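Below is one structure, written out as structure tokens; comments come after it.
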């Protein structure tokens, strides 16, 4: 099977690709300078899908979780 994973936009670069807890983590540096960690897992049919995306950006040590609601934590 040959897969074409289209997650890059013009000006983006792949920083790294690593295995992570049964998934593949792809670190992408966006043109804006933000880093996105894109986790790709296999679904129940064995096909790859994006399971979650983490964005690393400027902020005051906050983590914002968007999953139907928003929570902001400071550590």
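Residue numbers (this note's numbering): 2 to 76. No residue lacks a Cβ here, since even glycine has one placed at the ideal position from N, Cα and C. Just so it is clear, the structure is predicted and the values come from calculations on it, not from any experiment.
Proximal residues to residue i (C-beta, below 7 Å), its chain only, five neighbours per side dropped
{"i": "residue 18", "result": "25, 27"}
{"i": "residue 35", "result": "56, 57, 58"}
Per DSSP, the bridge partner or partners of residue i
{"i": "residue 17", "result": "28"}
{"i": "residue 43", "result": "49"}
Option nearest residue i by Cα separation, candidates the options
{"i": "residue 40", "options": "46, 34, 29", "result": "29"}
{"i": "residue 53", "options": "60, 2, 42", "result": "42"}
{"i": "residue 21", "options": "38, 48, 46", "result": "38"}
Three-state secondary structure (DSSP) of residue i
{"i": "residue 63", "result": "strand"}
{"i": "residue 1", "result": "Lying outside 2 to 76, the shown extent of the chain, residue 1 is not represented and no answer is given."}
{"i": "residue 8", "result": "coil"}
Min CB distance residue i to chain C below 8 Å
{"i": "residue 32", "result": "Of the protein chains in the structure, only one exists, and it is not chain C."}
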